[in-house]
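There are 2 protein chains.
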Amino acid sequence: MQPHESARGPHVLRQINSRAVLRAVRERSPARVADLMQATGLSRPAVTRAVAELRDAGLVADVDETAQVSMGRPAQWIRFRAEAGYVVGVDVGSHKVVAMVADLAGTVVASRQMATGERLLQSVRDTIAEALAKADLTGEDVWAIVVGTPGIVEESSGEVLLAPGIPGLAHLPVLDELRTITPSPVLIENDINLAVLGERWCGAAVGSDSLVFVHWGVRIGAGIIIDGKPYRGANGAAGEIGFVDVFSGLDGPDPAPLLGARAANAVSEKGAFEHAVGAQTIADLAHAAEALAPSPDAVAAVFAAATEGDPAALEVVDRIAARFARGLAALLLILDPREVIIGGGLSRAGETLLAAIDRHLRPRILTSPRLVLSDLGSDAVALGAVRRALDHAEQRLP
Amino acid sequence: MQPHESARGPHVLRQINSRAVLRAVRERSPARVADLMQATGLSRPAVTRAVAELRDAGLVADVDETAQVSMGRPAQWIRFRAEAGYVVGVDVGSHKVVAMVADLAGTVVASRQMATGERLLQSVRDTIAEALAKADLTGEDVWAIVVGTPGIVEESSGEVLLAPGIPGLAHLPVLDELRTITPSPVLIENDINLAVLGERWCGAAVGSDSLVFVHWGVRIGAGIIIDGKPYRGANGAAGEIGFVDVFSGLDGPDPAPLLGARAANAVSEKGAFEHAVGAQTIADLAHAAEALAPSPDAVAAVFAAATEGDPAALEVVDRIAARFARGLAALLLILDPREVIIGGGLSRAGETLLAAIDRHLRPRILTSPRLVLSDLGSDAVALGAVRRALDHAEQRLP
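These protein sequence lines are chains X and S, in that order. Residue numbers for the first sequence follow UniProt numbering, beginning at 1 and rising by one. Residue numbers for the second sequence follow UniProt numbering, beginning at 1 and rising by one.
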């Protein structure tokens, strides 16, 4: 520090410089000092000082392999130490828990999946612990954990308010329990809101600023990206299209109250849209149409038969696609997104289903969004949780 | 300017000071120099200089009335010259055009309404010209004009892409025509997107950051505010719930294509939701239920009878409210807004209808948004256009 600089000035300036140099290293890793000078516009002494500080902080390191340059003065190559910290992304489903461990560059270094045991929170803890152990890490190495669960999550408290998909989850002290794993932040978020982040990060719509991800599995819900950011709604309950009632005729009776039933957390009944296009309904339609023999996975069987051109199976797929398109049309008329991803278990049915949805959807909407299938499949939630945890971990960088 | 100040520094600084002082005057108008010093943190010389500059620019003036203080040195009161500029907000409907002229403080100084003539653009021009004449102004006094129309408006070009409500409007050179009125900017926007701005400015949900305005008239559509800003969708087509099909039974046929028919601009057929709860449907239901004698305004008559407790009329209102609630529920499940305003002609039916909607809505949604009727009624679009024009005009202030 030079004697005439004010007490505060150089510190703040050095932090700004360190941040700029770190960003440049991460984007290029590895990089030479000259690259970093060009990228940041800083002088050689400023870059050298920032690199020294980042090296002391364990965030960058010299690359050994380039030290063997034989002629002249070897260039100093600097790399980002992605192993300086780790994050964990967790997907808590009704039947299984998935935990992924990733380094600060977002590379997944370990993954673990377990069937959900009777004690849900213990299953979550165990899965995270085993994933960390597999990567030879402890809770001390973790900079952030993000957990995705079905249901409505209150952002401020992290409390799961409603979780119809997993009876018993609502109001469990999930965060308190998981905070014993690591001193770092633990966050909880709706799983489909994370899935859309995952697909936007490394899936079917990289970098999209206007995106809807529709999860079509046992349950149906949508994750929404507006202006590049997740849209959660005023109560964290945006995108709950599984409960949209698009099928009950002109003057049908009102349903039993959704809110009361769910708040009581006693039931896991499905919404109208979920019921109309759910796996059980598809299996029932397939059997009724004699499109397939009884099988352990009736849904997969009917889509397989349709792909092979079986007329009865094609008819079932077409009918289901028409119903799905009606609910999806409501979402698209209201949100007008640029891109739409269909994910969840049903999306595995593939292009035959997608083409049928597209055919029934187009007459019902006013715009022409790009409609694609999920790239990440069942990894979307855990990867989205990793992405969100990385965003949080960035706050610990200079 | 002091000789040792750099060429650029004092100019920029003075502009920043002028902006701060102007903002303080506008918030307090009238205000004393001491008030402005306190509000801005600037010195007396800096405030005095800024006031002098703003006075030269015609944006502030001394208040005459306070000059008559008899004892001691009278305080100098400064007011914002709201009459320094004017904006025009226009509502182009299928039957009438409304133009409102407001000063820079947002006070409406003149308003003019005309029936739409055969030559639509001429009607719009004439209405604006008459409103300006009424206020003794010319196009030179106007800082911005914003025109609201039904349909989907392309933000960049201002072109009306689809306008099913007003046959012949789509692809008319609206902006080219109106730009001959004034040298200032002319913008065009979907009318319901403006209505929600109006209600947020001075209507039923002042300052709300999470708001949906549902227009329920001959047509149905929604204006959406997310994070305090209008949400238009990727193609300016967000909120088109009039076309949501929530009524056609489980496996009904696909409708005729919306997009093709509308792009051809040949028809003005209604969307499924519009049809199910439109004025004609209400009148038909009322007659079928013998709830009222034939009348020129069957809709008003049935709501009036319901308010007086007529059982047959109450049943019609209840049935319509149940249908409306079903479509509204789709919107609320997807967007989860904090506040919902119901506007448009049907909202004039008042609390009897609102209570019935509320009753049928609650079982269908997962959250508890505040549900209210429009405050601004048929002025919402024109006032929203004024608000949008004011936002635009602000760019001309220092």
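The C-beta atom is built at its ideal place from N, Cα and C for all residues, glycine as well.
Span separating the alpha-carbon of residue i from that of residue j
{"i": "Ala-298(X)", "j": "Arg-348(X)", "result": "13 Å"}
{"i": "Ala-24(X)", "j": "Ala-195(X)", "result": "29 Å"}
{"i": "Ser-123(X)", "j": "Glu-274(X)", "result": "27 Å"}
{"i": "Asp-103(X)", "j": "Ile-342(X)", "result": "28 Å"}
{"i": "Met-100(S)", "j": "Gly-242(X)", "result": "43 Å"}
{"i": "Gly-221(X)", "j": "Gly-203(X)", "result": "18 Å"}
{"i": "Glu-394(X)", "j": "Thr-281(S)", "result": "57 Å"}
{"i": "Val-381(S)", "j": "Arg-219(S)", "result": "14 Å"}
{"i": "Leu-54(X)", "j": "Arg-19(X)", "result": "9 Å"}
{"i": "residue 407(S)", "j": "Phe-324(S)", "result": "Outside the modelled stretch of chain S, which goes from 1 to 398, sits residue 407(S), for which no answer is possible."}
{"i": "Val-317(S)", "j": "Ala-288(S)", "result": "13 Å"}
{"i": "Leu-397(X)", "j": "Ala-276(X)", "result": "48 Å"}
{"i": "Ala-84(X)", "j": "Gly-58(X)", "result": "6 Å"}
{"i": "residue 424(X)", "j": "Ala-321(X)", "result": "Within the shown structure, residues of chain X are numbered from 1 to 398, placing residue 424(X) beyond reach of any answer."}
{"i": "Pro-253(X)", "j": "Phe-247(X)", "result": "12 Å"}
{"i": "Asp-358(X)", "j": "Gly-89(S)", "result": "40 Å"}
{"i": "Val-206(X)", "j": "Arg-179(S)", "result": "41 Å"}
{"i": "Val-214(X)", "j": "Gly-344(X)", "result": "8 Å"}
{"i": "Glu-315(S)", "j": "Leu-354(S)", "result": "14 Å"}
{"i": "Ala-300(S)", "j": "Ser-94(S)", "result": "20 Å"}
{"i": "Ile-334(S)", "j": "Ala-115(X)", "result": "31 Å"}
{"i": "Asp-379(X)", "j": "Asp-91(X)", "result": "9 Å"}
{"i": "Asn-17(S)", "j": "Asn-190(S)", "result": "37 Å"}
{"i": "Gly-309(X)", "j": "Val-302(X)", "result": "11 Å"}
{"i": "Gly-233(S)", "j": "Val-12(S)", "result": "37 Å"}
CB-CB length for residue i against residue j, believed under 8 Å
{"i": "Gly-148(S)", "j": "Ala-385(S)", "result": "5 Å"}
{"i": "Val-340(S)", "j": "Leu-371(S)", "result": "5 Å"}
{"i": "Trp-77(S)", "j": "Pro-30(S)", "result": "4 Å"}
{"i": "Ile-128(X)", "j": "Ile-181(X)", "result": "6 Å"}
{"i": "Pro-363(X)", "j": "Ala-256(S)", "result": "7 Å"}
{"i": "Ala-61(X)", "j": "Arg-81(X)", "result": "5 Å"}
{"i": "Glu-154(S)", "j": "Gly-236(S)", "result": "6 Å"}
{"i": "Leu-197(X)", "j": "Arg-388(X)", "result": "6 Å"}
{"i": "Leu-332(S)", "j": "Pro-369(S)", "result": "6 Å"}
{"i": "Gly-249(S)", "j": "Gly-249(X)", "result": "5 Å"}
Close beta carbons around residue i, own chain, < 7 Å, minus the five adjacent residues each side
{"i": "Leu-121(S)", "result": "Leu-172, Val-174 and Glu-177"}
{"i": "Gly-239(X)", "result": "Ile-192, Gly-221, Ala-222, Gly-223 and Ile-224"}
{"i": "Leu-137(X)", "result": "Tyr-86 and Val-101"}
{"i": "Leu-36(X)", "result": "Val-21, Ala-24, Val-25 and Val-47"}
{"i": "Ala-356(X)", "result": "Val-317, Asp-318 and Ala-321"}
Contact set for residue i: own chain, Cβ-Cβ below 8 Å, skip 5 residues either direction
{"i": "His-392(X)", "result": "Val-87, Trp-143, Ala-144, Val-146, Pro-185 and Leu-187"}
{"i": "Arg-326(S)", "result": "Val-246, Phe-247, His-360 and Arg-364"}
Best match in the options for proximity to residue i [C-alpha to C-alpha]
{"i": "Arg-125(S)", "options": "Asp-136(S), Val-97(S), Ala-135(S) and Gly-350(S)", "result": "Val-97(S)"}
{"i": "Ile-192(X)", "options": "Tyr-231(X), Asp-209(X), Ala-300(X) and Met-114(X)", "result": "Tyr-231(X)"}
{"i": "Leu-285(S)", "options": "Gly-309(X), Asp-251(X), Ala-279(X) and Ala-304(X)", "result": "Asp-251(X)"}
{"i": "Arg-112(X)", "options": "Ala-105(X), Ala-133(X), Arg-119(X) and Ser-94(X)", "result": "Ala-133(X)"}
{"i": "Arg-338(S)", "options": "Ala-105(S), Val-109(S), Ala-312(S) and Val-212(S)", "result": "Val-212(S)"}
{"i": "Leu-42(X)", "options": "Ile-365(X), Arg-14(X) and Leu-383(X)", "result": "Arg-14(X)"}
{"i": "Trp-201(X)", "options": "Gly-106(X), Ala-52(X) and Val-244(X)", "result": "Gly-106(X)"}
{"i": "Pro-183(S)", "options": "Glu-140(S), Asn-190(S), Val-109(S) and Glu-199(S)", "result": "Glu-140(S)"}
{"i": "Glu-27(S)", "options": "Val-51(S), Arg-79(S), Arg-119(S) and Val-302(S)", "result": "Arg-79(S)"}
Limits of the beta strand (DSSP E) - the one that residue i falls within
{"i": "Gln-113(X)", "result": "108-115"}
{"i": "Phe-243(S)", "result": "Counting along the chain, Phe-243(S) falls outside any beta strand (DSSP E), and DSSP gives it neither H nor E."}
{"i": "Ala-149(X)", "result": "Note on residue identity: the sequence assigns Thr, not Ala, to residue 149(X). Residues 142-149."}
{"i": "Gly-343(S)", "result": "339-343"}
{"i": "Asn-193(X)", "result": "From DSSP, Asn-193(X) is part of no beta strand (DSSP E) but of the alpha helix (DSSP H) over 191-202."}
{"i": "Gly-89(X)", "result": "86-92"}
{"i": "Pro-255(S)", "result": "Note, Pro-255(S): premise wrong, no beta strand (DSSP E); not H, not E."}
{"i": "Val-98(X)", "result": "96-103"}
{"i": "Phe-80(S)", "result": "77-80"}
{"i": "Asp-62(S)", "result": "60-62"}
Contacting residues, own chain, Cβ-Cβ under 6 Å from residue i (five flanking each side not counted)
{"i": "Asp-336(X)", "result": "Thr-367"}
{"i": "Gly-117(X)", "result": "Ser-123"}
{"i": "Gly-228(X)", "result": "Asp-209"}
{"i": "Ala-306(S)", "result": "Ala-313, Leu-314, Val-317 and Thr-352"}
{"i": "Val-63(S)", "result": "Pro-30, Trp-77 and Arg-79"}
Span of the alpha helix (DSSP H), counted from its first residue to its last, around residue i
{"i": "Ile-225(X)", "result": "Taken as a continuous stretch (DSSP letters only), Ile-225(X) belongs to no alpha helix (DSSP H), being part of the beta strand (DSSP E) at 220-226."}
{"i": "Leu-361(X)", "result": "351-361"}
{"i": "Val-124(S)", "result": "120-134"}
{"i": "Arg-326(X)", "result": "311-335"}
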